[in-house]
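Protein chains in written order, with the numbering used here: chain A, 236 to 736; chain B, 112 to 249.
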């Protein structure tokens, strides 16, 4: 079992190293780089099956027994997230095969992508607070390189903002972890789950919880700590933006859900109410920010923020149904957001711009792209029969059941505004006649195999989103089972610490 | 800089520093020392060479690009974590081999291999930074 759990960490690491050995061979590098996403996809799938039948799997690294050593744990939630992360990173890589310049490949673009995936897998699998910090740092360093790679003033500016704010987040994380260790004497999450209730000073525990809200809130771009995301996500190459949108903020949300179900679940009245307030503001402010934007990628960046609010909403209601909704929404959002960015890349490829003011009439010239966008946009807004509908339905139903009417009302209102801003993109990019100062057609248009390589990732993700909507029942059951084991962490604790505890 | 004094002592010091680095690396498992600090010592030896002679000859002292050293170091560290799995233990479990050399019992294990990996990564990383900064300066 150990092998399956460490594969998604070791395989991308080896792929990154092999990429260094084949520095001057772009074709070989591309092939090697696939090892990371494929290993995540494969072991995510295998772990889902095994955890579903045999229960939560854990392995003690170096054979040091928990809670003293570092433990890697796979439960349904982490295995599911691993699978989704594998799918989107595969799609983003395939897209970059068609678009990435060879110069960036020589700089080691694919090695860095794989290093980032090491961090993502590690964050999903670790059962140790400090280890989580280390994976976050690895992800931060790799994503910083990806943002800045290729140079240019604009990129460096975006990257500097990104790294500055993330260092602040790391400082909060480290302080929180230090305080946590000082008051409980352990950083093993399962052990914390048991010991945190025994701390005399529960006020201190709530204070520590706030450190983690700030840190993970910054990572996942929740209100009021979201401003860095729209300021940096529009600068790198589009496959990098697509990858980031599918992975990075979601790992932040994953960490929030993990810690605020397993560790900080004693003072739910205060902590989760606060998260609910943040969730409401995140949804509203994100979508209002999006409405004011006229740049395709900036607009979508604000939507990332807005949708983080839905995931937090699921966590804050804190019933199994609501957390199941949050998990479904994360999966849905990973697929759809990445595919919308990839479609944006296609639009930019054919028209040479991402500014909504200078686009138009693409419905006539590129019906395929228009169709892809339409399906993805409607899924994002939550229209049936897509993944967006299913996950929003699950969230709203859980909200009404838990009598959280205000946040449920806000979420429905924000869906409407999301639909509005998707229609705005549709109108200005595809529907209306091209404006006077429209961007001229680009001279070099991709064709044949290269075009197929660019279209297929978006097609794959949007297809999955639609399939998701049709096979809602099993996916919903999976999410519910995952959520139940999150709310009731005794199985997790037993798997890590052994039955005797 | 062309100081005969520095050139002569640098030659002498560098060999001592390199020996000291090996000492630190091997000693690290049970006592203060280890791959990280040994790597820094080697990097400082390269830095000293660059000061006494010039940066280009310091680069050629390493024979391969520091980037390659980092990659090899990481690879060694990852591989050192694997043998434990072949004997059915979890990832990164230390495997020890015990044998005697001239009546003394010597224990060699995968943690030493891991330390060697750390050592190479630090050597590569620190020399890249050091030589790059020195070039900016010049």
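Idealized CB from N, CA, C, for every residue including glycine. Every value quoted in this text rests on a predicted model; they were computed, and no experiment measured them.
| Quick one: which chain A residues come within Cβ less than 9 Å of residue 235 of chain B? | Position 124 of the second chain, counted from the first residue, corresponds to residue 235 of chain B. Ordered by position in chain A, no residue passes the 9 Å Cβ test against residue 235 of chain B, which lies about 11 Å from the chain.
| query | Measuring CA to CA, which of A:576, A:601 and A:571 is closest to residue 585 of chain A? | reply | In the first chain, residue 585 of chain A corresponds to position 350, counting from 1. Comparing Cα positions, the closest option is A:601.
| query | Would DSSP call residue 220 of chain B helix, strand or coil? | reply | As a first step, residue 220 of chain B is located in the second chain; it is residue number 109 there, counting from the start. Residue 220 of chain B falls in the strand class under three-state DSSP.
| query | So is residue 375 of chain A in contact with chain B if we call contact Cβ pairs under 8 Å? | reply | Your numbering for residue 375 of chain A matches position 140 in the first chain. Cβ-Cβ to chain B under 8 Å: no for residue 375 of chain A.
| field | Of the residues A:286, A:250 and A:403, the one placed nearest residue 716 of chain A, counting alpha carbons only | value | Translated into positions along the first chain, residue 716 of chain A becomes position 481. For residue 716 of chain A, the nearest C-alpha among the options comes from A:286.
| query | Short check: CB of residue 421 of chain A to CB of residue 302 of chain A, under 8 Å? | reply | Indexing the first chain from 1 puts residue 421 of chain A at position 186. Indexing the first chain from 1 puts residue 302 of chain A at position 67. Taking 8 Å as the Cβ cut-off, residue 421 of chain A and residue 302 of chain A qualify as a contacting pair.
| field | Neighbour-count burial assignment, residue 442 of chain A, 16 or more Cβ in a 10 Å radius | value | The sequence position of residue 442 of chain A within the first chain is 207, counting from 1. Its Cβ having fewer than 16 others within 10 Å, residue 442 of chain A is exposed.
| request: Would you mind telling me which residues of chain B sit closer than 8 Å to residue 294 of chain A, beta carbon to beta carbon, in chain order? | output: For the purposes of this step, residue 294 of chain A is identified with residue 59 of the first chain, where counting begins at 1. Those are 201 and 202, listed as they occur along chain B.
| query | Is there at least one Cβ from chain B nearer than 8 Å to residue 255 of chain A's Cβ? | reply | Within the first chain, residue 255 of chain A is the residue found at index 20, counting from 1. It does: the Cβ of residue 255 of chain A has a partner Cβ on chain B nearer than 8 Å.
| message | Does the distance between the C-beta of residue 668 of chain A and the nearest non-hydrogen atom of the ligand COA fall short of 7 Å? | response | In the structure on display, the ligand COA does not appear, and there are no ligands present to speak of.
| message | Helix, strand or coil for residue 637 of chain A? Go by DSSP, reduced to three states. | response | Your numbering for residue 637 of chain A matches position 402 in the first chain. Of the three classes helix, strand and coil, the one that applies to residue 637 of chain A here is coil, per DSSP.
| query | Just the Cα atoms here: how many angstroms apart are residue 260 of chain A and residue 481 of chain A? | reply | On the first chain, residue 260 of chain A is found 25 positions in, with the first residue counted as 1. On the first chain, residue 481 of chain A is found 246 positions in, with the first residue counted as 1. Cα-Cα distance, rounded: 28 Å.
| query | Quick one: which chain B residues come within Cβ less than 9 Å of residue 245 of chain A? | reply | What you label residue 245 of chain A is simply residue 10 of the first chain in a count that begins at 1. Ordered by position in chain B, the residues that pass the 9 Å Cβ test against residue 245 of chain A are 189, 192, 193 and 202.
| field | Coil, strand or helix - residue 735 of chain A by DSSP | value | Start at 1 with the first residue of the first chain, and residue 735 of chain A comes out as number 500. Since pLDDT at residue 735 of chain A reaches only 47, below the 50 mark, its modelled position is unreliable, and no value is offered.
| field | Contacting positions in the segment 654 to 668 of chain A - beta carbon closer than 7 Å to chain B | value | none
| field | Helix, strand or coil at residue 292 of chain A [DSSP, three-state] | value | Counting from 1 along the first chain, the entry for residue 292 of chain A is found at position 57. Correct three-state label for residue 292 of chain A: strand.
| query | For residue 361 of chain A, which beta-bridge partners are listed by DSSP? | reply | Position 126 of the first chain, counting from 1, holds the residue named residue 361 of chain A. In DSSP, residue 361 of chain A forms a bridge with A:307.
| With C-beta atoms as the reference, is residue 400 of chain A less than 8 Å away from residue 453 of chain A? | Here residue 400 of chain A corresponds to residue number 165 of the first chain, with the count starting at 1. Here residue 453 of chain A corresponds to residue number 218 of the first chain, with the count starting at 1. Cβ atoms of residue 400 of chain A and residue 453 of chain A: closer than 8 Å.
| field | Sequence ranges, alpha helix (DSSP H) only - wholly within the segment 504 to 554 of chain A, length at least 4 | value | Whole alpha helix (DSSP H) segments, 4+ residues: 531 to 552.
| task | Give me the Cα-Cα distance between residue 650 of chain A and residue 618 of chain A, rounded to the nearest whole angstrom. | result | Stepping through the first chain from its first residue, residue 650 of chain A is reached at position 415. Stepping through the first chain from its first residue, residue 618 of chain A is reached at position 383. Cα to Cα, residue 650 of chain A sits roughly 10 Å from residue 618 of chain A.
| task | Can you give me the Cβ contacts of residue 151 of chain B inside the same chain, cut-off strictly under 8 Å, excluding the 5 residues immediately before and after it? | result | Taking the second chain and counting its residues from 1, one reaches residue 151 of chain B at position 40. The residues are 233 and 237.
| Contacts of residue 297 of chain A in chain B (Cβ-Cβ under 8 Å) | Stepping through the first chain from its first residue, residue 297 of chain A is reached at position 62. In chain order: 195, 201, 202, 203, 204 and 205.
| Alpha-carbon spacing of residue 604 of chain A relative to residue 591 of chain A, whole angstroms | Here residue 604 of chain A is taken as the residue at index 369 of the first chain, counted from 1. Here residue 591 of chain A is taken as the residue at index 356 of the first chain, counted from 1. Whole-angstrom Cα-Cα distance: 15 Å.
| said: At the level of alpha carbons, what is the spacing between residue 288 of chain A and residue 311 of chain A? | reply: One-based indexing of the first chain puts residue 288 of chain A at position 53. One-based indexing of the first chain puts residue 311 of chain A at position 76. Rounded to whole angstroms, residue 288 of chain A to residue 311 of chain A spans 11 Å at the Cα level.
| request: Could you tell me if residue 292 of chain A is buried or exposed, where buried requires 16 or more neighbouring beta carbons within 10 angstroms of its beta carbon? | output: Stepping through the first chain from its first residue, residue 292 of chain A is reached at position 57. Around the beta carbon of residue 292 of chain A, 16 or more other beta carbons lie within 10 angstroms, which makes this residue buried.
| said: Can you check whether the C-beta of residue 182 of chain B is within less than 8 Å of a C-beta belonging to chain A? | reply: In the second chain, counting from the first residue as 1, residue 182 of chain B sits at position 71. Output row for residue 182 of chain B: interface = yes.
| message | If the cut-off is 7 Å on Cβ atoms, which residues from the segment 621 to 653 of chain A count as contacting chain B, listed in chain order? | response | Listed in chain order, the positions of the segment 621 to 653 of chain A with a beta carbon within less than 7 Å of a beta carbon of chain B would be empty, since no residue qualifies.
| task | Starting from residue 209 of chain B, trace the beta strand (DSSP E) both ways and give me its first and last residue. | result | For the purposes of this step, residue 209 of chain B is taken as the residue at position 98 of the second chain. First-last of the beta strand (DSSP E) with residue 209 of chain B: 207 to 212.
| task | Would you mind telling me which residues of chain B sit closer than 7 Å to residue 241 of chain A, beta carbon to beta carbon, in chain order? | result | Translated into positions along the first chain, residue 241 of chain A becomes position 6. Those are 202, listed as they occur along chain B.
| request: Say whether chain B places a C-beta atom closer than 8 Å to the C-beta of residue 248 of chain A. | output: Taking the first residue of the first chain as position 1, residue 248 of chain A is located at position 13. Yes - at least one Cβ of chain B is within 8 Å of the one on residue 248 of chain A.
| task | Compute the beta-carbon to beta-carbon distance between residue 184 of chain B and residue 231 of chain B, rounded to the nearest angstrom, for a pair I have assumed lies under 8 Å. | result | Residue 184 of chain B sits at position 73 when you count from the first residue of the second chain. Residue 231 of chain B sits at position 120 when you count from the first residue of the second chain. Yes, they are in contact, since the Cβ atoms of residue 184 of chain B and residue 231 of chain B sit about 3 Å apart, within 8 Å.
| Pair within 8 Å by beta-carbon distance, residue 549 of chain A and residue 515 of chain A | Counted from its first residue, the first chain places residue 549 of chain A at position 314. Counted from its first residue, the first chain places residue 515 of chain A at position 280. The answer is no: Cβ separation not under 8 Å.
| field | Sequence ranges, alpha helix (DSSP H) only - wholly within the segment 163 to 191 of chain B, length at least 4 | value | 166 to 173
| request: Kindly say whether residue 159 of chain B, judged by its beta-carbon, lies nearer than 8 Å to any beta-carbon of chain A. | output: On the second chain, residue 159 of chain B is found 48 positions in, with the first residue counted as 1. Closer than 8 Å: no.
| query | With 8 Å set as the bound, which would you pick, yes or no: does the beta-carbon of residue 185 of chain B sit closer than that to a beta-carbon of chain A? | reply | The residue labelled residue 185 of chain B in the question sits at position 74 within the second chain. Yes, residue 185 of chain B counts as interfacial toward chain A.
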